[in-house]
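Numbering (this note's numbering), first residue to last: 91 to 271. Where a beta carbon is used, it is the ideal one built from N, C-alpha and C, also for glycine. See below for the structure under consideration.
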């Protein structure tokens with residue numbers, strides 16, 4: 091029986107190593123896909139308003155979700171993966187996920203760009219664990235460009251490029267979590 095124990099341990103270690111390798115390869119493929127989509131999403135964002143590029147360039151950090159899928163029938167959910175940029179370089183990868191109950195019907199896709207306008211808002215996001223959109227009075231949800239009424243907010247959230255049919259367009263309850271370094 092003692093001779094079998096090392097073989098069992100070897101198999102467990104080999105299986106664990108194989109799963110870790112597969113997970114790492116899958117993550118690398120996901121981050122490569124995100125990296126490929128972020129510049130195009132930012133170009134679309136900049137085209138929405140002449141102020142958007144200036145806003146992004148002056149932000150402490152920019153979180154870009156190229157494709158967020160939202161859907162449901164009564165009970166809904168949303169998910170997307172994105173990258174956090176500082177000074178134009180990707181410094182982390184995040185997912186946005188949420189669920190809703192109520193008058194939800196359909197399937198849609200959209201892009202989101204979140205501007206952390208101050209170092210304090212960026213740091214709160216980076217060090218605060220899971221972060222929620224819609225539950226913070228310091229967050230302004232925008233359509234195309236910043237208005238004078240919201241210019242003093244430390245965080246801007248832009249939702250654009252909606253495609254598909256969806257009976258619910260709220261952002262409340264969406265959580266953002268780190269997915270990779």
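- Taking the Cα positions, residue 161 is about 11 angstroms away from residue 200.
- Restricting attention to 210, 203, 195 and 127, the CA atom closest to the CA of residue 154 is found in 203.
- With respect to the 7 angstroms criterion, residue 136 and residue 127 are not classified as neighbours on the basis of their beta carbons.
- Unbroken beta strand (DSSP E) stretches of 3 residues or longer found wholly inside the segment 180-212: none.
- The secondary-structure analysis by DSSP pairs residue 254 across a beta bridge with 198.
- Taken through DSSP and simplified to helix, strand or coil, residue 129 comes out as helix.
- Just measuring C-alpha positions, the residue of 179, 187, 163 and 123 sitting nearest residue 147 is 179.
- In the structure shown, residue 150 adopts coil according to DSSP, grouped into three states.
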